[in-house]
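Participant: Under our numbering, the sequence shown has 222 at position 222, and the numbering climbs by one with no breaks.
Every residue, glycine too, gets a C-beta built ideally from N, C-alpha and C.
Computed from a prediction, not measured in an experiment: that's the story for all the values here.
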Amino acid sequence: MGGGGEEAGALLHEGDCVDDRWMVEKVLGKGGFGAVYEVFDKNLKKYEAMKIELNAQDFRTLKLEVVVLKELNGRQARHVCQLFGIGKKTSYCFIVMTLVGPSFNSMLESLRPKFPDGRTRFTLRSCLHLAQKSLESLQDLHLAGYLHRDIKPQNFATGRPPDYRDVFCLDFGMCRKYVKEDGKLRRPREKVGFRGTLYYASVDVLKGEEQARKDDLWSWYFMLVRMTVGQVPWRTFCPPRNASVAKQAAAFGQAKSKALASITSFCEGCPAEFIMIGEHLNILTYYDEPNYELCYNQLNAIMQRKNYQEWFPLDWEQEGEYHAETVAAPMHDMMPNEKNDGGD
1 MGGGGEEAGA LLHEGDCVDD RWMVEKVLGK GGFGAVYEVF DKNLKKYEAM
51 KIELNAQDFR TLKLEVVVLK ELNGRQARHV CQLFGIGKKT SYCFIVMTLV
101 GPSFNSMLES LRPKFPDGRT RFTLRSCLHL AQKSLESLQD LHLAGYLHRD
151 IKPQNFATGR PPDYRDVFCL DFGMCRKYVK EDGKLRRPRE KVGFRGTLYY
201 ASVDVLKGEE QARKDDLWSW YFMLVRMTVG QVPWRTFCPP RNASVAKQAA
251 AFGQAKSKAL ASITSFCEGC PAEFIMIGEH LNILTYYDEP NYELCYNQLN
301 AIMQRKNYQE WFPLDWEQEG EYHAETVAAP MHDMMPNEKN DGGD
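(1) Find the nearest neighbour of Phe-104 within the set Glu-6, Trp-220, Cys-295, judged by alpha-carbon distance.
(2) How big is the Cα-Cα spacing for Lys-26 and His-13?
(3) Can you give me the C-alpha to C-alpha distance between Asp-150 and Lys-177, rounded to a whole angstrom?
(4) Distance, Cα to Cα, Leu-128 vs Met-303?
(5) Determine the direct distance from the alpha carbon of Val-24 to that of Pro-290, and round the result to whole angstroms.
(6) For Phe-282, which option in Asp-215, His-323, Thr-228, Met-174 has the closest C-alpha, if you only look at C-alpha atoms?
(7) Inspect the CB distances between the segment 201-214 and the segment 138-152 and report whether three or more fall short of 8 Å.
(8) Go through its chain and collect everything with a Cβ distance to Cys-17's Cβ below 6 Å, but skip five positions before and after it.
(9) Got a sec, what are the start and stop residues for the alpha helix (DSSP H) Tyr-345 sits in?
(10) Helix, strand or coil, according to DSSP, for Ser-106 in the structure here?
(11) Suppose you measure from the CA of Tyr-389 to the CA of Glu-48; what does that come to, to the nearest Å?
(12) Would the segment 150-166 and the segment 93-110 be scored as touching if the rule is three or more Cβ pairs under 8 Å?
(13) Given a cut-off of 8 Å on the beta-carbon distance, is the pair Gln-82 and Leu-299 in contact?
(14) Give the single residue among Leu-62, Arg-125, Thr-228 whose Cα lies nearest to the Cα of Leu-353.
(15) Starting from the Cα of Lys-45, find the closest Cα among Leu-72, Thr-98, Gly-34, Gln-254 and give me that residue.
(16) Have a look at the DSSP bridge pairing and note the partners of Arg-176.
(17) List in chain order: all unbroken alpha helix (DSSP H) runs of 4+ residues lying wholly within the segment 70-121.
(18) Determine the direct distance from the alpha carbon of Gln-231 to that of Val-225, and round the result to whole angstroms.
(19) Can you tell me whether Gly-173 is buried or exposed? The criterion is at least 16 other CB atoms within 10 Å of its CB, across all chains shown.
Structure representation (structure tokens):
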């Protein structure tokens, strides 16, 4: 897997110019599928991210990303990267998109010195900002007929300074259309292979059921609780080692089912409004459209009850609670997260 990334990461060098427009600055990341470079767009006079994949291999990740991003950009979807260019060369193909800041996960990791118990977390005001923006991105993705299927803190990022308040949903390589051409829902398959990250996947997905909009929202909900209190109840759960992914998923599913038997207990340490969101998710079936407005209303109710103002500094902003720590968080390398089994 790594060979493709190493080769792709050596294809371009600092100072190279692609299509007489994009000047290569540096490699941001490389992996099994290819590599990502930071480039300077001479036409638009700004820095962007260029993802490349070798033509010698049958990579579907980049093709799917282009399809989804084109659709989302055409719909003016919120909180997704802008697609600036697509091209194909003799040895590789590429796409150019928005360059983003650190992932939610990177910022949480940067706070470890502040939280010796490992339960890194943001202040509630900052969590609510990330929750609302990330939910808006999911709502727009669902409106376009796609499921993300791998929602987690690693797949969201903030904007680069000074655009601290921007949020981006990333990595559409596991997306799936849940509607047919006529707009009607596809019938769920009886048994499907696991897709996603064990730690953030919903109980139904871990059971091998077809993913639906509700499952993206369950993952979003787990992410919200984790960012708010620093953990979820299965934080220390370890699935059986050397077992198949299906068996690990089943074990994780049982652990999560127990933890979610009482939404109130699951939300211990969280605002009470989180309970209503979880209870709503609990009643949804494959065919149901989630009530996004209910979720927004609960998040806004917390803002009002706590007397939070929109202008209050976020943790990673100049005047924020954890700016000194998060400023050291690395910028997202725009690489797809290749692990399928999760972790905190």
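Facilitator: Reading off the structure:
(1) Considering only alpha carbons, the answer is Trp-220.
(2) Cα to Cα, Lys-26 sits roughly 7 Å from His-13.
(3) Cα to Cα, the separation comes out at about 14 Å.
(4) Computed Cα separation, rounded: 8 Å.
(5) About 43 Å.
(6) It is Asn, not Phe, that sits at residue 282 in the sequence shown. Distances from the alpha-carbon of Asn-282 to those of Asp-215, His-323, Thr-228, Met-174 put Asp-215 closest.
(7) At 8 Å Cβ cutoff, the stretches touch.
(8) Contacts found: Met-23.
(9) The first residue shown for the chain is 1 and the last is 344, placing residue 345 beyond what the model contains.
(10) Ser-106 falls in the helix class under three-state DSSP.
(11) It is not possible to answer for residue 389, since the shown part of the chain is limited to 1 through 344.
(12) Yes, since at least three Cβ pairs between the segment 150-166 and the segment 93-110 fall closer than 8 Å, the two stretches touch.
(13) For Gln-82 and Leu-299, no; Cβs fall outside 8 Å.
(14) Only positions 1 to 344 of the chain appear in this structure, which leaves residue 353 out of reach.
(15) Closest by alpha carbon: Thr-98.
(16) Under DSSP, Arg-176 shares a beta bridge with Leu-147.
(17) The segment 70-121 contains, as complete alpha helix (DSSP H) runs of 4+ residues, the segments 104-110 (chain order).
(18) Val-225 and Gln-231 have their C-alpha atoms roughly 7 Å apart.
(19) Gly-173 is buried by the Cβ-count criterion.
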